[in-house]
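This report concerns only the one structure given below.
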Ligand SMILES: Cc1cc2nc3c(=O)[nH]c(=O)nc-3n(C[C@H](O)[C@H](O)[C@H](O)COP(=O)(O)O)c2cc1C
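Residue numbers (the working numbering): 1 to 296.
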């Protein structure tokens, strides 16, 4: 049965649809919609925007390039840093009607370990997602492209918190199954993929890069076949749950991600087009239980 409750990380989620980190600002949505949002909260668990130990301004503009079937972003992980996240955001996230997964990234093992340790005792947090795979910061893909680095980083963090760890993997690896296995063997409780694919847009007026950061990360429907291939390859290789995302924009896409072996499905870019996408995708997914589906 598609769209039913899912047991993961010792919790029971109401359904399998979650957000991709950085693609749905639940705190801004709550400021606008107030308690209305609680009654119609689109995700079974909420994944925060990636935070880093120190505040980051992000990349210079322009930060987005639209494609017919998705976009390239060069946001560059702007965030207020760990201290203000703990003080200002964590209490607000705790008010959401869904368990919280905090996405963290560091520029060294020590930075990541410090973030995980500072947050590790907080009961508001269900799990950590370790962003080993952001193409928009200089060191972003280094860990997630190497099984050895992924294993070393995961086991370092495994020693620092009892909370479940989700390794978010890069789509840039030729062998995502080996990276996922390395994360599993080092103590990760789940893997999530795909993050955005490295991409570039050229300034139509001049030939140089359009995006302020030079390159960017590509996402949306265009990356869905890549995501499906990687999710199914990884799901065959590991025993831990896989959180599958990349280009999911309707119930049928979500079902294909589940059929490819994902336990949870992440919705990313579609949230920008339709802020109620999570709710719609879940409803469409559940409808597929009742009707036979024509192939695309
Ligand atoms: C504007 C934007 C910002 C993102 N920010 C983050 C982030 O902070 N951390 C992260 O792990 N992934 C981030 N992602 C990647 C998404 O969570 C997701 O892995 C990716 O976009 C693929 O899913 P999609 O095609 O449904 O968007 C971002 C994606 C977009 C489009």
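Beta carbons: idealized from backbone N, C-alpha and C, even for Gly.
Handout entry: CA nearest to the CA of residue 155, picked from 144, 134, 187, 31
Key = Translated into the one-based positions of the chain shown, residue 155 becomes position 155. For the residues 144, 134, 187, 31, the minimum Cα distance to residue 155 belongs to 187.
Exercise for the section: Starting from residue 285, follow the beta strand (DSSP E) in both directions and report where the run begins and ends. Expected result: Here residue 285 is taken as the residue at index 285 of the chain shown, counted from 1. Where residue 285 is concerned, there is no enclosing beta strand (DSSP E), although the alpha helix (DSSP H) it sits in stretches over 277-287.
Practice task
Give a yes or no on whether the C-beta atoms belonging to residue 276 and residue 78 are separated by under 9 Å.
Solution key: In the chain shown, counting from the first residue as 1, residue 276 sits at position 276. In the chain shown, counting from the first residue as 1, residue 78 sits at position 78. No.
Handout entry: Helix, strand or coil at residue 46 according to DSSP, with G and I counted as helix
Key = The residue you call residue 46 lines up with position 46 of the chain shown. In the structure shown, residue 46 sits in a strand (DSSP, three-state: E or B).
Practice task
Could you spell out the range, first to last residue, of the alpha helix (DSSP H) harbouring residue 29?
Solution key: Taking the chain shown and counting its residues from 1, one reaches residue 29 at position 29. Element bounds for residue 29: 26-33.
Practice task
For the beta strand (DSSP E) holding residue 229, just list the boundary residues, first then last.
Solution key: For this step, residue 229 is matched to residue 229 along the chain shown. Note, residue 229: premise wrong, no beta strand (DSSP E); alpha helix (DSSP H) at 224-237.
Problem - Alpha carbon of residue 18 to alpha carbon of residue 207, nearest angstrom - result: Along the chain shown, read from residue 1 onward, the residue named residue 18 stands at position 18. Along the chain shown, read from residue 1 onward, the residue named residue 207 stands at position 207. Approximately 38 Å between the Cα atoms of the pair.
Handout entry: Same chain, Cβ closer than 7 Å to residue 114, five either side skipped, listed in chain order
Key = In the chain shown, counting from the first residue as 1, residue 114 sits at position 114. Answer for residue 114: 53, listed in chain order.
Exercise for the section: May I ask you to report which of helix, strand or coil DSSP gives residue 41? Expected result: Within the chain shown, numbered from 1, the residue matching residue 41 stands at position 41. DSSP places residue 41 in coil when its eight states are reduced to three.
Handout entry: Bridge partners - residue 11, DSSP secondary structure assignment
Key = As a position in the chain shown, residue 11 is number 11, starting the count at 1. Per DSSP, 8.
Handout entry: CB of residue 263 within 9 Å of CB of residue 16, strictly
Key = Reading the chain shown from its first residue, position 263 is the one you call residue 263. Reading the chain shown from its first residue, position 16 is the one you call residue 16. Closer than 9 Å, so yes.
Handout entry: Opposing strand residues paired with residue 129 [DSSP bridges]
Key = The residue labelled residue 129 in the question sits at position 129 within the chain shown. Residue pairing by DSSP places residue 129 opposite 103, 166 in a beta bridge.
Practice task
Using only alpha-carbon positions, find the residue among 68, 149, 122, 84 that is nearest to residue 107.
Solution key: Residue mapping note: residue 107 aligns to position 107 of the chain shown, counting from 1. Looking from the CA of residue 107, the closest CA among 68, 149, 122, 84 belongs to 149.
Handout entry: Residue burial classification, residue 168 (beta-carbon count within 10 angstroms, cutoff 16)
Key = Position 168 of the chain shown, counted from the start, is the residue given in the question as residue 168. Buried: at least 16 other Cβ atoms inside 10 Å.
Practice task
Under 6 Å Cβ to Cβ from residue 2, same chain only, skipping five residues before and after it: list those, please.
Solution key: Locating residue 2 in the chain shown gives position 2, counting from the first residue. Once the five neighbours on either side are set aside, the close Cβ partners of residue 2 are 255, 285, 288, 289.
Practice task
Give me the Cα-Cα distance between residue 170 and residue 162, rounded to the nearest whole angstrom.
Solution key: By 1-based counting over the chain shown, the position of residue 170 is 170. By 1-based counting over the chain shown, the position of residue 162 is 162. One C-alpha to the other measures close to 24 Å.
Exercise for the section: Could you give the DSSP three-state label for residue 91: helix, strand or coil? Expected result: The count along the chain shown starts at 1 and reaches residue 91 at position 91. The answer is helix: DSSP assigns residue 91 an H, G or I state.
Handout entry: Euclidean distance between Cα positions of residue 211 and residue 55
Key = In the chain shown, residue 211 corresponds to position 211, counting from 1. In the chain shown, residue 55 corresponds to position 55, counting from 1. Taking the straight line from one Cα to the other gives about 22 Å.
Problem - Distance, residue 160 Cα to residue 92 Cα - result: Walking along the chain shown from the start, residue 92 turns up at place 92. Walking along the chain shown from the start, residue 160 turns up at place 160. Taking the straight line from one Cα to the other gives about 25 Å.
Problem - Where residue 158 falls: helix, strand or coil (DSSP) - result: Position 158 of the chain shown, counted from the first residue, corresponds to residue 158. Reduced to three states, the DSSP call for residue 158 is helix.
Practice task
Check whether the Cβ of residue 189 lies closer than 8 Å to any heavy atom of ligand 1, and answer yes or no.
Solution key: Residue 189 sits at position 189 when you count from the first residue of the chain shown. No - ligand 1 has no heavy atom lying nearer than 8 Å to the Cβ of residue 189.
Problem - Nonlocal neighbours in the same chain, by C-beta distance under 6 Å from residue 48, ignoring five residues either side - result: Sequence index remark: in the chain shown, residue 48 carries index 48 (1-based). For residue 48, where only same-chain residues beyond five positions count, the Cβ hits under 6 Å are 102, 103.
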